[in-house]
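Chemist: Following this note's numbering, the numbering of the sequence shown begins with 20 at its first residue and continues without gaps.
Glycine included, C-beta positions come from ideal geometry on N, C-alpha and C.
To start, I am sharing the structure in question, which I have written as structure tokens.
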Amino acid sequence: MPPHRVAIIGGGPSALVTLKTLLELQDRKGGAFDVDATLFEGEEQIGGTFRYRSYANGSLVSSKQLTCFSDFRMPLDSSDHMTLPAYVQYLEDYVAHFRLRQRATFRMSTRVRRVRRADGGGHIVRWRQRSGEEDEAHFDYVAVCAGLHVEPAFPSIPGLADPQLPSKWWDEKKEERKEKQKLSDAQRRIQTLHSSAYKDPEFLKDKSVLVCGTGETGMDLAYAAVKAPAKSIVLSTRDGFLSFPHVLQSFSLFGVTYDKDTPIDGLITNLFETTHRSRLVEASRLRWHVSDFGVKLVLKFLTGTSAGCNQWCGELPEHKQGRAYVFLNKSAKAMPYLNREWKNRSWLMERIAKYIDPPSVRDDEPGISLAPFPEYVDEDGRVVFRENGRKEAARMRNRIVKPDIVLFATGYRHSFPWLDSSYATPLDEDSNLCRGLFAYDDPTLTFSGFVRPGVGAIPPQAEMEARLWCSVICGEVPAPTSEAYYKLLQPKGARITHGVDYSSYVSQLARDVGSQPGLLDLWRTHGFDILLIYCFAAAFPTLYSLTGPWASAQAPHITRTEIRETIARRGVGGNVLMGVIPMVFYGFVNLAALLLEQLLNVAQALMPKTCQAAARQLGWTQHKKMA
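Next up, the structure:
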């Protein structure tokens with residue numbers, strides 16, 4: 020039987036781990052599922068966004084412990100958070116270690132132009148090389164891993180030129196982006212850039228800078244402007260943000276200072292919070308709401324505000340507050356400079372508990388003013404901000420802001436113009452894809468790296484996504500149909516509707532492929548120390564490589580060293596607060612829920628119609644084709 024031809028579109032981490040997982044499946048099946056894989060990448064080298072849309076001093080906000088793939092890790096003594104060049108080198112090393120270039124075809128500087136269904140099954144992929152030469156071929160399977168951060172998105176603001184974008188050889192819209200409005204000399208002198216075209220903070224030195232957007236990139240750019248230093252800095256927000264540093268650094272409590280750096284993505288414990296939960300507890304999203312309540316109390320006491328961690332401005336509206344609704348902004352280096360105009364806390368509470376700004380924050384550096392999003396720029400080059408009823412609007416109403424530079428940190432447009440319209444995509448709000456990846460009736464085309472975690476990282480999610488896809492297409496498991504209780508509670512019409520709770524999502528994927536270990540099996544197979552680490556650690560993908568069809572020989576050692584260290588770093592107090600107490604609490608909650616489920620089963624047997632009506636009202640029904 021000839022090998023299955025597989026096209027992988029993209030050259031970032033999601034594409035690379037999908038390719039590696041396919042080859043791992045081939046090795047594991049011993050000839051029963053051979054693959055002939057081709058990777059298509061429009062750029063000259065691998066790395067995707069991390070290589071081609073990076074900027075000076077950029078680094079990951081997810082820790083190496085979480086971001087690295089399950090069986091290929093960074094050295095224990097390396098920094099918790101890799102710089103972007105270091106992560107690109109990690110990807111190069113990953114490719115070399117698993118001999119991906121030798122085992123698959125890499126078509127670099129090759130842009131996919133069209134993917135359509137083939138008569139009789141499979142897909143036709145058409146591509147164009149940089150030379151202009153075009154060709155097409157039939158593939159049995161296609162993995163779309165082109166990434167979320169490809170086509171820059173930006174609003175049209177009257178009186179402001181569209182931003183400069185990075186030049187791409189395949190860009191067919193250059194002519195469309197010529198100046199669309201007549202601008203005055205004052206308006207025309209304002210330089211505009213999308214964040215994807217920004218590279219060096221020297222560009223911002225001694226300039227008046229306006230940054231549009233308060234996501235992680237917007238925060239990074241505002242901080243870069245501080246350090247340039249810029250003459251003045253304004254950061255504009257649409258509707259607020261939720262700030263939490265990617266590393267808990269220094270704070271004092273009753274005179275005792277805690278200064279051990281702790282990545283926040285390693286703080287959530289597995290047992291009863293992420294794994295081994297009752298379906299009733301999952302359906303209620305109880306963990307999200309309880310943890311939000313507890314975290315807000317702690318933050319209020321420790322920092323004086325519950326809007327975020329040491330966040331005194333830019334708070335979200337009441338109905339959006341909490342991790343169940345938004346994506347956490349983990350780039351917090353700009354917050355001390357934003358807080359200057361807003362922080363108001365009594366000296367007594369500061370003596371009792373205090374979040375300590377990093378030593379790199381200096382009084383002689385410029386602050387950052389928060390403003391609403393720009394409404395327009397008048398003929399004199401002055402920005403008029405929206406009247407949105409928020410407190411920053413009142414403060415900026417009479418401020419004169421005439422920027423020299425406007426940076427659009429407004430994200431990317433998510434689209435697949437080269438994909439035939441007959442395919443559903445994870446970006447369609449009403450799409451019915453299994454786990455947000457592939458269609459139930461045709462799993463031969465999958466998407467990887469498009470489901471976005473509220474807190475976490477896309478690469479380890481992509482590894483688990485690839486395992487599920489490979490397990491389904493080779494016939495090991497059926498496409499799972501259980502309810503999707505990992506989705507963030509985002510309203511219809513939200514700009515991003517494919518958000519998930521990271522730990523809930525990867526845990527579900529592990530269950531789907533048979534990789535979530537049973538506690539007794541884990542103890543018998545690897546010993547009590549591994550069991551204890553599994554219970555107290557966060558949802559690292561290595562833990563889902565300890566048992567099951569995707570078990571790795573390296574997983575026990577990585578668990579006993581690197582993952583164990585993330586637990587030890589919390590200290591006794593941290594493990595009691597973030598481990599023992601939640602574990603005991605959720606253990607009792609899950610036990611009560613299991614008893615309730617048994618009672619409901621009895622009631623279902625006695626009064627089926629009444630119970631079904633009640634279940635529909637509570638949203639507990641099993642929709643057989645939910646993602």
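So, T40 versus E482, is the Cβ gap smaller than 9 angstroms?
Modeler: Along the sequence shown, one-based indexing puts residue 40 at 21. Along the sequence shown, one-based indexing puts residue 482 at 463. Yes. Within cutoff.
Chemist: Expressed to the nearest angstrom, what Euclidean distance is found between the alpha-carbon atoms of M415 and V402?
Modeler: One-based indexing of the sequence shown puts residue 415 at position 396. One-based indexing of the sequence shown puts residue 402 at position 383. Using only the alpha carbons, I get a separation of about 10 angstroms.
Chemist: Are the CB atoms of E360 and G386 within a distance shorter than 9 angstroms?
Modeler: Taking the first residue of the sequence shown as position 1, residue 386 is located at position 367. Taking the first residue of the sequence shown as position 1, residue 360 is located at position 341. Closer than 9 angstroms, so yes.
Chemist: Tell me whether A115 sits in a helix, a strand or coil according to DSSP, three-state version.
Modeler: As a working note, residue 115 is residue 96 in the sequence shown. Three-state result, A115: helix.
Chemist: Below 8 angstroms on the Cβ atoms is my guess for A249 versus D225; work out the distance and round it to an integer in Å.
Modeler: Here residue 249 is taken as the residue at index 230 of the sequence shown, counted from 1. Here residue 225 is taken as the residue at index 206 of the sequence shown, counted from 1. About 7 angstroms separates the two Cβ atoms, so the contact holds.
Chemist: Which residues does DSSP pair with S202 in a beta bridge?
Modeler: Here residue 202 is taken as the residue at index 183 of the sequence shown, counted from 1. According to the sequence displayed, residue 202 carries Leu and not Ser. None, per the DSSP bridge assignment.
Chemist: Within 10 angstroms of its Cβ, does W569 collect 16 or more other Cβ (buried), or is it exposed?
Modeler: Here residue 569 refers to the residue found at position 550 of the sequence shown. It is buried - the Cβ of W569 has at least 16 other Cβ atoms within 10 Å.
Chemist: Give the secondary structure of N348 by DSSP, where H, G and I count as helix, E and B as strand, and everything else as coil.
Modeler: As a working note, residue 348 is residue 329 in the sequence shown. Strand.
Chemist: Just how far apart, CA to CA, sit R296 and L538?
Modeler: Locating residue 296 in the sequence shown gives position 277, counting from the first residue. Locating residue 538 in the sequence shown gives position 519, counting from the first residue. Cα-Cα distance, rounded: 13 angstroms.
Chemist: If you pair each beta-carbon of the stretch 361 to 369 with each one of the stretch 133 to 143, do three or more pairs fall below 8 angstroms?
Modeler: no
Chemist: In chain order, what are the residue ranges of uninterrupted alpha helix (DSSP H) at least 4 long that sit wholly in the stretch 420 to 498?
Modeler: 477 to 492
Chemist: Per the DSSP calculation, Q623 is bridged to which residue(s)?
Modeler: Here the question's residue 623 lines up with position 604 in the sequence shown. DSSP, once it has assigned bridges, lists no residue as partnering Q623.
Chemist: Go ahead and label I419 buried or exposed: buried means 16 or more other beta carbons lie within 10 angstroms of its beta carbon, across all protein chains shown.
Modeler: One-based indexing of the sequence shown puts residue 419 at position 400. I419 should be labelled exposed.
Chemist: By Cβ distance below 7 angstroms, which residues in the same chain neighbour A241 in space, the five residues on each side in sequence not counted?
Modeler: Taking the sequence shown and counting its residues from 1, the one referred to as residue 241 is at position 222. Result list for A241: V230, I252, L254, A353, I387, in chain order.
Chemist: How long is the line joining the alpha carbons of P575 and Q84, rounded to whole angstroms?
Modeler: The residue you call residue 575 lines up with position 556 of the sequence shown. The residue you call residue 84 lines up with position 65 of the sequence shown. Each residue's Cα considered, the two are about 15 angstroms apart.
Chemist: What are the boundary residues of the alpha helix (DSSP H) that D554 is part of?
Modeler: Indexing the sequence shown from 1 puts residue 554 at position 535. With the sequence shown as reference, residue 554 is identified as Cys, and Asp is not the correct amino acid for it. DSSP places C554 inside the alpha helix (DSSP H), whose first and last residues are 547 to 555.
Chemist: Excluding five sequence neighbours on each side, which residues of the same chain lie with their C-beta closer than 8 angstroms to the C-beta of E384?
Modeler: Taking the sequence shown and counting its residues from 1, the one referred to as residue 384 is at position 365. The answer, listed in chain order, is V245, K246, P248, Y356.
Chemist: Is C328 closer than 9 angstroms to F263 when the C-beta atoms are compared?
Modeler: Reading the sequence shown from its first residue, position 244 is the one you call residue 263. Reading the sequence shown from its first residue, position 309 is the one you call residue 328. Yes; because the gap between Cβ atoms is below 9 angstroms, this pair is in contact.
Chemist: Please report the straight-line C-alpha distance between W188 and F125, rounded to a whole angstrom.
Modeler: For the purposes of this step, residue 188 is taken as the residue at position 169 of the sequence shown. For the purposes of this step, residue 125 is taken as the residue at position 106 of the sequence shown. Because the pLDDT of W188 is 48, which lies under 50, any placement of that residue in the model is unreliable, and the number read from its coordinates should be weighed accordingly. Cα to Cα, W188 sits roughly 19 angstroms from F125.
Chemist: Roughly how many whole angstroms lie between the Cα atoms of L565 and Y524?
Modeler: Taking the sequence shown and counting its residues from 1, one reaches residue 565 at position 546. Taking the sequence shown and counting its residues from 1, one reaches residue 524 at position 505. Taking the straight line from one Cα to the other gives about 18 angstroms.
Chemist: So, under 8 angstroms CB-CB, V474 and D284 are touching, yes? Tell me the CB distance rounded to an integer number of Å.
Modeler: In the sequence shown, counting from the first residue as 1, residue 474 sits at position 455. In the sequence shown, counting from the first residue as 1, residue 284 sits at position 265. Contact flag correct, Cβ pair sits at about 6 angstroms.
Chemist: State the Cα-Cα distance for the pair E292 and D154, rounded to the nearest angstrom.
Modeler: Taking the sequence shown and counting its residues from 1, one reaches residue 292 at position 273. Taking the sequence shown and counting its residues from 1, one reaches residue 154 at position 135. Between E292 and D154, the C-alpha separation is close to 50 angstroms.
Chemist: For A372, tell me which candidate among T281, N289, A413, L272 has the shortest Cα-Cα distance.
Modeler: Position 353 of the sequence shown holds residue 372. For A372, the nearest C-alpha among the options comes from L272.
Chemist: Quick check on the DSSP output: the beta strand (DSSP E) that includes L305 runs from which residue to which?
Modeler: One-based indexing of the sequence shown puts residue 305 at position 286. For L305, no beta strand (DSSP E) encloses it; the enclosing alpha helix (DSSP H) starts and ends at 305 to 322.
Chemist: Should T26 go down as buried or exposed, given a rule of 16 or more other Cβ atoms within 10 Å for buried?
Modeler: Residue mapping note: residue 26 aligns to position 7 of the sequence shown, counting from 1. Here residue 26 turns out to be Ala, not Thr, going by the sequence shown. The residue is buried, with at least 16 neighbouring Cβ atoms inside 10 Å.
Chemist: Within 10 angstroms of its Cβ, does K628 collect 16 or more other Cβ (buried), or is it exposed?
Modeler: Here residue 628 corresponds to residue number 609 of the sequence shown, with the count starting at 1. Flag for K628 reads exposed.
Chemist: Measuring straight from C-alpha to C-alpha, what distance separates G455 and V470?
Modeler: Locating residue 455 in the sequence shown gives position 436, counting from the first residue. Locating residue 470 in the sequence shown gives position 451, counting from the first residue. The straight-line gap from Cα to Cα measures roughly 7 angstroms.
Chemist: Could you check the C-alpha separation between G237 and H265 for me, to the nearest Å?
Modeler: In the sequence shown, counting from the first residue as 1, residue 237 sits at position 218. In the sequence shown, counting from the first residue as 1, residue 265 sits at position 246. Distance between the alpha carbons of G237 and H265: 15 angstroms.
Chemist: Do you know offhand how far Q573's Cα is from E495's?
Modeler: Here residue 573 refers to the residue found at position 554 when the sequence shown is read from its first residue. Here residue 495 refers to the residue found at position 476 when the sequence shown is read from its first residue. Each residue's Cα considered, the two are about 23 angstroms apart.
Chemist: Kindly identify the DSSP beta-bridge partner or partners of Y217.
Modeler: As a working mapping, residue 217 is identified with position 198 in the sequence shown. Beta-bridge pairing by DSSP links Y217 to no other residue.
Chemist: Taking the DSSP output, what are the residues bridged to I28?
Modeler: Locating residue 28 in the sequence shown gives position 9, where the first residue counts as 1. Partner(s): F59, V163.
Chemist: Name the two residues that bound the continuous alpha helix (DSSP H) containing V228.
Modeler: Here residue 228 is taken as the residue at index 209 of the sequence shown, counted from 1. Premise fails: V228 lies in the beta strand (DSSP E), 227 to 231, not in any alpha helix (DSSP H).
Chemist: Note down, in chain order, each residue of its chain lying with its Cβ closer than 8 angstroms to the Cβ of A443, except the 5 sequence neighbours on either side.
Modeler: Sequence index remark: in the sequence shown, residue 443 carries index 424 (1-based). Once the five neighbours on either side are set aside, the close Cβ partners of A443 are S450, N451, L452, A458.
Chemist: Quick check on I283: does DSSP put it in helix, strand or coil?
Modeler: Taking the first residue of the sequence shown as 1, we reach residue 283 at position 264. DSSP places I283 in helix when its eight states are reduced to three.
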